[in-house]
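Chemist: Residue numbers for the sequence shown, in the numbering used here: 11 to 252.
By construction, the Cβ of each residue, glycine as well, lies at the ideal position given by its N, Cα and C atoms.
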Amino acid sequence: MQYTVKLQQELQKLKVDVQNLDLLSPAARRDLEALQSSGLEDIHYPGFLVEIQKPVVNSDLEKLAQELEGLSQTQGNATLGQKLQEEARGLQHLHQEKVLPQQNLVSEIIGVLDRVTYLKGELPTRATHILRNESECFLMREMSYFSQYTAWVREEVTQRIATCQPLSGALDNGRVILCDMVADPWNAFWFCLGWCTFFLIPSIVFAVKTSKYFRPIRKRLSSTSSEETQLFHIPRVTSLKL
Numbered sequence: 011m012q013y014t015v016k017l018q019q020e021l022q023k024l025k026v027d028v029q030n031l032d033l034l035s036p037a038a039r040r041d042l043e044a045l046q047s048s049g050l051e052d053i054h055y056p057g058f059l060v061e062i063q064k065p066v067v068n069s070d071l072e073k074l075a076q077e078l079e080g081l082s083q084t085q086g087n088a089t090l091g092q093k094l095q096e097e098a099r100g101l102q103h104l105h106q107e108k109v110l111p112q113q114n115l116v117s118e119i120i121g122v123l124d125r126v127t128y129l130k131g132e133l134p135t136r137a138t139h140i141l142r143n144e145s146e147c148f149l150m151r152e153m154s155y156f157s158q159y160t161a162w163v164r165e166e167v168t169q170r171i172a173t174c175q176p177l178s179g180a181l182d183n184g185r186v187i188l189c190d191m192v193a194d195p196w197n198a199f200w201f202c203l204g205w206c207t208f209f210l211i212p213s214i215v216f217a218v219k220t221s222k223y224f225r226p227i228r229k230r231l232s233s234t235s236s237e238e239t240q241l242f243h244i245p246r247v248t249s250l251k252l
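1) For residue 210, count neighbouring Cβ atoms within 10 angstroms of its own Cβ and tell me buried if that reaches 16, exposed if not.
2) Within 10 Å of its beta-carbon, does residue 44 have 16 or more other beta-carbons around it, so buried, or fewer, so exposed?
3) Could you tell me how far apart the beta carbons of residue 81 and residue 94 are, in whole angstroms, since I believe they sit closer than 8 angstroms?
4) State buried or exposed for residue 75, treating a residue as buried only when at least 16 other CB atoms are found within 10 Å of its CB.
5) If we ignore side chains and look at the alpha-carbon of each, how far apart do residue 149 and residue 179 end up?
6) Suppose the cutoff is 8 angstroms on Cβ atoms and the five residues either side in sequence are ignored; what does the same chain contact list for residue 55 look like?
7) Could you tell me whether any Cβ in chain C is nearer than 9 angstroms to the Cβ of residue 94?
8) Quick check on residue 87: does DSSP put it in helix, strand or coil?
9) In this structure, how does DSSP classify residue 194 when only helix, strand and coil are distinguished?
10) Going by other Cβ atoms of all chains shown within 10 Å of its Cβ, with 16 needed for buried, is residue 37 buried or exposed?
11) Assuming residue 118 and residue 98 make a contact with CB atoms under 8 angstroms, what is their CB distance in whole Å?
12) So what does DSSP say about residue 55, is it helix, strand or coil?
13) Helix, strand or coil for residue 23? Go by DSSP, reduced to three states.
14) So which of 107, 142, 212 and 84 has the shortest CA-CA distance to residue 20?
15) Residue 194 to residue 167, Cα distance in whole Å?
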């Protein structure tokens, strides 16, 4: 949790400098430089914009093609009528393939200029905001992955590993070895040994405690025996001289 807070604080401090962002490729830059050196600054732009807004052709080609087609049907000369129909179809094709795309192109150019002008002012602010949002989304997604991994590890530890399978296995093996293989076959021996040990310890304590009373009795017995031996004097046999 503390690392998440630190990462969020670092992301809040994120700053992106897009002032020197290069939006043009080298080829596009060369084309623009060539256009700049072609005398583009000598163009009268107000008059140029007025001319752009005018129709591409002075007459309506589609209407003219319809008139030619109607005229071809009223002609008595079949050859002339066929040529008029061909001209009408050519004008319709020219209107569909040339005039309409150019008219759309003019509107697209105006739209591109407007969007470029808007993007020039909005790009620094929007880029920083977008990058910050994307970095926060990336952080949240990675933290969710980490949370899922920690939850999986916790579940594995608590549900499987922490059920003490290694420890319980060791305890079971120890119980089998000590109880089933050692204690049960030697049950009577261990029982007797246990009782002997149980009585041996108090007997040692009792012997140590009563040893001080045994010493004066031993001295008294030794002195009495020495006096009794002195009461009976056994004469020694001596040799007689004849």
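Modeler: Taking the geometry as given:
1) exposed
2) exposed
3) 6 angstroms
4) buried
5) 43 angstroms
6) A caution first: residue 55 carries a pLDDT of 49, below 50, which makes its placement in the model unreliable, though a value can still be read off. Around residue 55: no qualifying Cβ.
7) Reference to chain C is not applicable here, since this structure consists of a single protein chain.
8) coil
9) coil
10) exposed
11) Actually they are not in contact, since the Cβ atoms of residue 118 and residue 98 sit about 29 angstroms apart, beyond 8 angstroms.
12) Annotation note: pLDDT 49 at residue 55 (below 50); position unreliable, coordinate value reported separately. Three-state DSSP puts residue 55 in a helix.
13) coil
14) 142
15) 36 angstroms
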